[in-house]
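**Student:** Encoded as structure tokens, here's the structure I'll be asking about.
Number of protein chains: 2
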Amino acid sequence: MRETEAKLVGELKGRGYRLTPQRELLLSVLEGSRKHLNAETLLERVHKVYPRANKSVVYRNLELLADLGLVSCVDFGHGRVEYEVHRHPHHHHLTCRHCGRMLEVRSGAFAQLQQQLHQDYGFNADMDHLAIFGLCQACSEKADPRHEHHPHALQGMGF
Amino acid sequence: MRETEAKLVGELKGRGYRLTPQRELLLSVLEGSRKHLNAETLLERVHKVYPRANKSVVYRNLELLADLGLVSCVDFGHGRVEYEVHRHPHHHHLTCRHCGRMLEVRSGAFAQLQQQLHQDYGFNADMDHLAIFGLCQACSEKADPRHEHHPHALQGMGF
DNA sequence: CCTCCTATTGCAACTGGTTGCATTTGTATC
DNA sequence: GATACAAATGCAACCAGTTGCAATAGGAGG
Ligand SMILES: [Mn+2]
Ligand SMILES: [Mn+2]
Ligand SMILES: [Zn+2]
Ligand SMILES: [Zn+2]
Chain D
1 MRETEAKLVG ELKGRGYRLT PQRELLLSVL EGSRKHLNAE TLLERVHKVY
51 PRANKSVVYR NLELLADLGL VSCVDFGHGR VEYEVHRHPH HHHLTCRHCG
101 RMLEVRSGAF AQLQQQLHQD YGFNADMDHL AIFGLCQACS EKADPRHEHH
151 PHALQGMGF
Chain G
160 MRETEAKLVG ELKGRGYRLT PQRELLLSVL EGSRKHLNAE TLLERVHKVY
210 PRANKSVVYR NLELLADLGL VSCVDFGHGR VEYEVHRHPH HHHLTCRHCG
260 RMLEVRSGAF AQLQQQLHQD YGFNADMDHL AIFGLCQACS EKADPRHEHH
310 PHALQGMGF
């Protein structure tokens with residue numbers, strides 16, 4: 001039994017959750033990918049093994065797996081949310097709103113902020129797997145971005 | 160002429176953007192509210208003055224106003240994105256994923272992170288008006304949150 | 001291995017938000 | 001103020017994701 005699957009069974013057990021083939025399969029599909037995957041792609045891959053699976057069960061189980069801390073999700077503003085297995089130590093993404101380039105950031109840089117929010121407000125911030133938007137080095141240097149408007153560079157809620 | 164409206168005209172001028180009644184009205188509706196408003200509410204209020212306005216023009220102009228830096232938007236995971244006029248200095252929101260309580264945070268606490276991302280990656284992070292999820296003080300103290308699952312505490316992409 | 005209970009599923013209807021396109025309307029120029 | 005041209009609008013179709021509900025199926029207990 002794979003490590004994450006043992007974790008899955010462990011997390012489900014004793015809370016009234018059941019181990020269903022859809023759940024196991026969904027997690028194993030995510031495990032088998034090194035990239036983020038969206039719900040549609042996930043369903044396609046689940047379908048190869050379990051053709052009767054339905055999109056609503058994909059969404060519902062992604063939410064459950066995320067609540068259990070086994071899966072991370074993120075919205076890069078590309079029109080669909082993306083998912084991946086939760087890795088340790090966790091990471092965040094810096095996304096250039098001009099050229100789309102993405103940098104991965106280890107969570108260390110965020111510890112300071114997290115600590116400060118806890119100190120100042122008693123707030124226990126999650127901050128797993130965030131998407132931070134901005135301009136990458138190359139695009140910052142190129143031109144003064146204040147005088148350009150890129151209406152369709154990035155759609156969705158990410159602006 | 161109101162201050163933000165002057166700003167609107169200024170931002171539009173010379174970039175080929177036009178000043179339309181819908182744009183002006185949308186901004187003035189946002190100006191007239193002290194709370195975040197969602198697109199549906201905005202359209203309702205716009206309709207009172209300009210009944211033929213359409214939802215797509217609301218969304219398109221909200222995107223434009225956000226690009227121009229006049230409007231902030233945020234997704235609290237309540238099923239609809241919320242908007243407000245951009246205020247200085249800007250702020251962020253701490254949202255408790257257990258009880259829903261919200262704290263407003265001045266942007267100061269984020270300057271350090273912003274600086275570090277710039278130092279380490281040359282990345283120029285936006286970080287206007289973020290929604291940070293986590294547990295508020297009261298909810299953190301109450302019980303060990305690792306052993307509870309709240310499936311419907313917060314829907315959407317915010318988990 | 002049967003029974004029961006309820007969590008989970010599949011499905012279809014729905015919601016918030018986006019998009020393509022034909023029509024309208026700002027605005028620059030005369 | 002009329003003309004011309006592209007930007008913006010209204011509309012209807014569309015898309016990703018959610019929800020209510022009746023049917024299915026884990027799994028605990030016997
Ligand atoms: Mn990632
Ligand atoms: Mn706000
Ligand atoms: Zn870039
Ligand atoms: Zn709370």
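Chains as they are written, first to last, in this note's numbering: chain D, 1 to 159; chain G, 160 to 318.
Just so you know, even glycine gets a beta-carbon here, dropped at the ideal spot from N, CA and C.
In this text, all values refer to a predicted model and were calculated from it rather than measured experimentally.
So, with DSSP's three-state summary, where would you put glutamine 22 of chain D?
**Tutor:** helix
**Student:** With DSSP run on the structure shown, which of helix, strand or coil describes asparagine 61 of chain D?
**Tutor:** helix
**Student:** Looking at the unbroken alpha helix (DSSP H) that takes in serine 290 of chain G, where does it start and where does it end?
**Tutor:** Looking at the sequence itself, residue 290 of chain G is alanine, so the reference to serine does not match. Here alanine 290 of chain G belongs to no alpha helix (DSSP H); instead the beta strand (DSSP E) covers 290-294.
**Student:** Can you tell me whether glutamine 231 of chain G is helix, strand or coil according to DSSP?
**Tutor:** Reading the sequence as shown, one finds serine at residue 231 of chain G and not glutamine. In this structure, serine 231 of chain G counts as strand in the three-state DSSP scheme.
**Student:** If you drop the 5 nearest sequence neighbours on each side, which residues of the same chain put their C-beta closer than 7 Å to that of histidine 47 of chain D?
**Tutor:** A distance below 7 Å between beta-carbons, with the five flanking residues on each side excluded, links histidine 47 of chain D to the following residues of its chain, in chain order: Ala53.
**Student:** Please confirm whether valine 74 of chain D and leucine 130 of chain D have their CB atoms less than 9 Å apart.
**Tutor:** Taking C-beta atoms as the reference points, valine 74 of chain D and leucine 130 of chain D count as a pair closer than 9 Å.
**Student:** Quick check: is the beta carbon of serine 140 of chain D nearer than 9 Å to any beta carbon in chain G?
**Tutor:** yes
**Student:** Against chain D, does valine 264 of chain G count as a neighbour if the rule is that its beta carbon must be under 9 Å from one of theirs?
**Tutor:** Closer than 9 Å: yes.
**Student:** Is the CB-CB distance between leucine 178 of chain G and leucine 189 of chain G below 9 Å?
**Tutor:** Taking 9 Å as the Cβ cut-off, leucine 178 of chain G and leucine 189 of chain G do not qualify as a contacting pair.
**Student:** So the alpha helix (DSSP H) arginine 106 of chain D belongs to, where does it begin and stop?
**Tutor:** Premise fails: arginine 106 of chain D lies in the beta strand (DSSP E), 102-106, not in any alpha helix (DSSP H).
**Student:** Between histidine 249 of chain G and aspartate 287 of chain G, how many whole angstroms is the CB-CB distance? I'm expecting something under 8 Å.
**Tutor:** 5 Å
**Student:** Name the DSSP beta bridge partners of leucine 113 of chain D, please?
**Tutor:** According to DSSP, leucine 113 of chain D bridges with nothing at all.
**Student:** Looking at ligand 4, does it come within less than 8 Å of alanine 290 of chain G, judged from the CB to the closest heavy atom?
**Tutor:** no
**Student:** I believe leucine 117 of chain D touches valine 105 of chain D by the beta-carbon criterion, under 8 Å. Please report the beta-carbon distance rounded to the nearest angstrom.
**Tutor:** Taking a contact as a CB-CB distance under 8 Å, the pair leucine 117 of chain D and valine 105 of chain D does not count as one, their CB atoms being some 18 Å apart.
**Student:** Which residues of the stretch 112-134 of chain D have a Cβ closer than 8 Å to any Cβ of chain G? Give them in chain order.
**Tutor:** Correct list: Gln112, Leu113, Gln116, Leu117, Asp120, Tyr121, Gly122, Phe123, Asn124, Ala125, Asp126, Met127, Ile132, Phe133 and Gly134.
**Student:** In the DSSP assignment, what residue or residues form a beta bridge with leucine 253 of chain G?
**Tutor:** According to DSSP, leucine 253 of chain G shares a beta bridge with G:Leu262 and G:Ile291.
**Student:** Which bits of chain G does alanine 6 of chain D rub up against, with CB to CB less than 7 Å?
**Tutor:** Within chain G, no residue comes near alanine 6 of chain D; the closest Cβ sits about 17 Å away, beyond 7 Å.
**Student:** Considering only heavy atoms of ligand 5, does any lie closer than 8 Å to the CB of glutamate 162 of chain G?
**Tutor:** Among the ligands present in this structure, namely ligand 1, ligand 2, ligand 3 and ligand 4, ligand 5 is not found.
**Student:** What is the rounded straight-line gap between the Cα of histidine 150 of chain D and the Cα of lysine 172 of chain G?
**Tutor:** The pLDDT assigned to histidine 150 of chain D is 46, lower than 50, so where the model puts this residue is not dependable, and the model offers no usable value.
**Student:** Could you check how far apart the C-beta atoms of phenylalanine 269 of chain G and histidine 251 of chain G are, in whole angstroms? I think they sit under 8 Å.
**Tutor:** Indeed they touch by this definition, with Cβ atoms about 7 Å apart.
**Student:** Here's the rule: buried if 16 or more other CB atoms are within 10 angstroms of the residue's CB, otherwise exposed. What is phenylalanine 318 of chain G?
**Tutor:** At phenylalanine 318 of chain G the pLDDT is 34, less than 50, meaning the model places this residue with poor confidence and gives no usable figure here.
**Student:** Spatial neighbours of alanine 6 of chain D within its chain, please: C-beta separation below 8 Å, excluding the five flanking residues on both sides.
**Tutor:** none
**Student:** Suppose the cutoff is 6 Å on Cβ atoms and the five residues either side in sequence are ignored; what does the same chain contact list for histidine 147 of chain D look like?
**Tutor:** Since pLDDT at histidine 147 of chain D reaches only 43, below the 50 mark, its modelled position is unreliable, and the value read off the structure follows with that caveat. Closer than 6 Å at Cβ, skipping near neighbours: no residue.
**Student:** If I measure Cβ to Cβ from serine 107 of chain D and keep anything under 7 Å in the same chain, skipping five residues before and after, which residues do I get?
**Tutor:** Pro89, His90, His91 and His92
**Student:** When burial is assigned at 16 or more other CB atoms within 10 Å of the CB, is alanine 125 of chain D buried or exposed?
**Tutor:** buried
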